[in-house]
Structures are given as C-alpha cells and as structure tokens.
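Visitor:
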Ligand SMILES: [Zn+2]
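In the working numbering, the protein residues as written are 59 to 593.
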C-alpha cells in the first residue's frame, strides 16, 4: 500500500508534521528525526520522503507512513488514514500551539484575525446557556475510563470516586465517534454552532474536535453561575511543539477548541470556579484540575485561571465577588512565583485587582518542597494518615529509644535560606537543585541573597557521617517546625552549615541530596537585620 504513495492525498512529511517530530538533519531524499517509539533524541529515525517509509536506526522499528501514525496511536491503518485526512483537510496540525496559546483577550482576537486571514470562517459564539446545555449533554454521553479513574484516584491527584463523579471528569471519546455524538446532540435540540469544540466538516456535517493525539481527561470549566463554559483536556501524552528545546516536556493541558476549523470557535480562556458561593474568602490558583483537587482537600472556594499570568479575566469576577460579600482573596500560585518573574507578575496583578475592588489580598506560601497548593495539601493528608498509622502501630518509638541509648554528641549547625526582601523579588534558582543555581550564572551560592534563620545543635550518634547529619536536619525541618523558628521547611537552594571550634562546612540542599559549596556567611543577613528593615 505504501509503495504507491501517489494514491494518497498526503506524504510522509505531512505525518511527520502532524506528529510534531523533531527534525534534526536533512538530506536530499530523507530527514533524520527523534524517534517517538524509543524516545531517542539524537535524530536516529530516518524518514525517507521519496519512498514514504521510515526506520529508527536505534530501536529498529520501521514501516510505511500510515504505520507511523497508526502504531503510535494503536489504530488500524484504515483508521489512521481517515484521521490523517481529516486533520490535513484544514491546513495542518490544528491541535498545535493555537489551542493553548490563547492566553488573553488580545491573543484570542489576534488568533480570530489570523483565522479570518487564512479564510477560515468562524461561528459567532453561542450564548452562555446554550454552551452549557450542549457541553452538559455531551459530557452526559461520555464515560470515564478505568485508567483515567485510577489516575484521578492515585496519590498524585488524591480524589475519591465521589469527588470524581461530582466534578464531572470524562474521557475524551475516540475520533470515530465525533460525528455520531454531534448528530445525537443536534437531535436532542442542542446548539452546536458557536460552541467551542464543534465545527462544520468540509463534507457538510457538524462534528466535534476530538483526536487520538489529544486524547485525555476532560475537565469542565464552570463559571460562578454554575454554567459549563468550556473544557480543558489533560493530555494522555503531552504535545511538544517541534520548535521546543528537547528538555522541554510539552503541553499537558489544552482547551477543547474548534478554532482554525470551518465555522469553529475559540475556547477563549474561561475562569473556573469551584466551591461555595458566596464565600468570604476565595483562593486563586493556576490550573483547573489543581483548583478542583485543592478544593476537595481544603473545602475552600477556588478560582482557577489557565495560567499564572493569565489573569485579565479575573477583574470582572473580582468585582462581582466583592459585591456578593467576599472580603479576602488568597493568591495561591505555584511556589515558582519565588523564582519566575512571569508568575510573580501575575500574583502582583491579582493583588492590585483585589485592592481595587476593595478586598484584602494575601499571598499564600507553603513548604517549598511542594510546587503546587494541591501537591502540598495532598502531602499534608498523607503525613496525617502516616501519623495515625504510627499511633496504632508504635514500632518507630523503639528506634528512637535505641538512638537515645547510643553514644551521642551535639552537632552544631546553621540554616541559611533565600531572602526575597520586602518586594518579594523572584530569585531564578529558588527551591531548585544546584544545576539551576549554575544555570542562573552562579558558581557558588550568593551569600548576600541569604538570611541566617537558625543556629542550634542536634544530638547525633557518634561517628555519624556529614550526609547522615544533614539528612536528619532536613527531616527535622520538614513537618512540625520548632517553636521560635522563623524560616521555612528546609528545601532545595537552602544552605546548611555544620561547624565546631575548628571547622565550618557548607552544603547546598540539592533535589536529591547535599552538595558541598563555598559560602561567605558574613555577607548573609540575620533575622534581626531582616526584621529591622520591616520584612
Ligand atoms: Zn527508535
């Protein structure tokens, strides 16, 4: 079949384009790309566009152009053929960047203009109630697969079956059901024109844009009025843009959108609300699923934007929150707000918007070993369960007793942590390993960015190695912090000092251990200095 490529309306390079394969080298009749089967990133896969065949010189997989698409997605060649044709009919890989780039109103306008320029007619957006009714009916026809349910129940997500069902997560349907699902919605009297995801196929029927490459878990975006405004997909396989650097993981979330499809419409970037309304206190975070999980763990009301700097749409929502009695906004963006200027800028905008609407705004920080508020809350729950287990099964107490019996000495130590100052200026390597310190251009940790937060002694068994002592210090500052301690949980980018009368050793807390470093303690601030400057 593949030996007669002239029978096909496309060539193997179209498939390479659709799959976003990274082309490393070009020759007169072929290119070398990274291999999507073995994950090779050195360009070992040869794609011959003269013969429309491919072969990975590393893992040995090979075949024709349909097999490339079909094998990657567990489809038959016939299914792959139909899907490739459908995707190419509208001018290329339309599940690419445009679906998740729509970060703010001006970007959306720009894209609508681009779509217009490229001659793709768009539908006017349907009314809020129509969008809600169509998407609710669509969700009602879909199921949540066992593997997706397992993922949501896993330690990483921590949801219960009841919560999963209440929040309405579903699995995306297979490509071949898109048309019949849409027909059933139309028969039920639902509007599909102008509802994000739906478009008019060139063969004249309405359908909805679910593809094998964008399969995953559908997450409804619900407004404060309780209406579904759209949906995100948590992708089974992240999509990498072919221009992305090879260490970048690719997009995990995309919006269900039919932009760049005939008579389609952009998803926009709706703000998701979960919790009780009205509420005196409302948390704001980035990511719909994160907000859902944090809400379930904390029983608080959450607003979620699609990205940390994607906050323009919040202003109007803040105004109506203030009118309905909300007094406090808590900014709960990921802890990378301490190193990422973009995230920090988003947080500052939230602060100013809340003030403008007459509400208080606080920035929430937590154990920097956990990136998101959901990760942190789930970790707290795990530790709570662990402690309950230990109470029921007190074996650990014996180990402690044994240690107290053994011969001990008192190890003197100090903890230095990054000081973000009154302005909370981000520091690019905050809470990351030593590689990020080096990447930020520092050979050694810059002591003047640090504050001495603790100076104490730790009883240690005789003959303890430095690494063991450091590990015990980190553990001691991971859960219940001692009274009077004004620092954070010990986390990557902190400096630990072990000292006695003769020697001082400094260690950088790395992501998987401790690295000896040079450090100039006299440049670091003290807590007293920090407090006297009002920080
Ligand atoms: Zn390979």
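The C-beta atom is built at its ideal place from N, Cα and C for all residues, glycine as well.
1. Is any non-hydrogen atom of ligand 1 found closer than 6 Å to the C-beta of residue 116, if you look at the structure I gave you?
2. Report, in whole angstroms, the separation of the C-beta atoms of residue 314 and residue 291, which I expect to be a contact under 8 Å.
3. From the DSSP secondary-structure annotation, give me the bridge partner or partners of residue 271.
4. Helix, strand or coil for residue 82 per DSSP?
5. In or out: residue 100 buried (at least 16 other Cβ within 10 Å) or exposed?
6. Measure the CB-CB distance between residue 597 and residue 582 and report whether it falls below 7 Å.
7. Would the C-beta of residue 93 count as close to ligand 1, meaning under 6 Å from any of its heavy atoms?
8. Report yes if the C-beta of residue 96 is less than 6 Å from at least one heavy atom of ligand 1; otherwise report no.
9. To the nearest whole angstrom, what separates the beta carbons of residue 180 and residue 322, a pair I think is in contact under 8 Å?
10. Taking DSSP as the reference, what is the three-state secondary structure of residue 248?
11. Check whether chain C comes within 7 Å of residue 569, counting only Cβ atoms and requiring the distance to be less than that.
12. Using 7 Å as the threshold, is the C-beta distance between residue 576 and residue 426 below it?
13. Do the region 437–444 and the region 480–500 meet, that is, are 3 or more Cβ pairs less than 8 Å apart?
14. So, using beta-carbon positions, are residue 276 and residue 228 closer together than 7 Å?
15. Just checking residue 359 against ligand 2 - is the residue's beta carbon closer than 6 Å to any of the ligand's heavy atoms?
16. Looking at residue 400: is its Cβ nearer than 7 Å to the Cβ of residue 368?
17. Taking the alpha-carbon positions, what's the residue 284 to residue 226 distance?
18. For a quick check, are the C-beta atoms of residue 540 and residue 468 less than 7 Å apart?
19. Can you round the beta-carbon distance between residue 389 and residue 466 to whole angstroms, since I take them to be within the 8 Å contact cut?
20. How should residue 338 be labelled, buried or exposed, when 16 other C-beta atoms within 10 angstroms of its C-beta is the threshold for buried?
Guide: This is what the structure holds:
1. Yes, since a heavy atom of ligand 1 falls inside the 6 Å radius drawn around the Cβ of residue 116.
2. Rounded to the nearest angstrom, the Cβ distance from residue 314 to residue 291 is 6 Å, consistent with a contact under 8 Å.
3. The partner list for residue 271 (beta bridge, DSSP) is empty, contrary to what the question assumes.
4. In the structure shown, residue 82 sits in a strand (DSSP, three-state: E or B).
5. Exposure of residue 100 is indicated by the presence of fewer than 16 other C-beta atoms within 10 angstroms of its C-beta.
6. The requested residue 597 is not part of the displayed model; the chain covers only 59 to 593.
7. For ligand 1, at least one heavy atom lies less than 6 Å from the Cβ of residue 93.
8. Within the cutoff, so yes.
9. The C-beta distance from residue 180 to residue 322 rounds to 6 Å, short enough to meet the 8 Å contact threshold.
10. In the structure shown, residue 248 sits in coil (DSSP, three-state: anything other than H, G, I, E or B).
11. Looking at the structure shown, chain C is missing, and only one protein chain is on hand.
12. Between residue 576 and residue 426, the CB-CB gap reaches or exceeds 7 Å.
13. Fewer than three beta-carbon pairs drawn from the region 437–444 and the region 480–500 are found closer than 8 Å, and the two stretches are therefore not classed as touching.
14. Yes.
15. Looking for ligand 2 in the displayed structure turns up nothing; the ligands present are ligand 1.
16. Taking C-beta atoms as the reference points, residue 400 and residue 368 fail to come closer than 7 Å.
17. Whole-angstrom Cα-Cα distance: 13 Å.
18. The answer is no: Cβ separation not under 7 Å.
19. Approximately 44 Å separates the beta-carbon atoms of residue 389 and residue 466; this is outside 8 Å, ruling out the contact.
20. Label assigned to residue 338: exposed.
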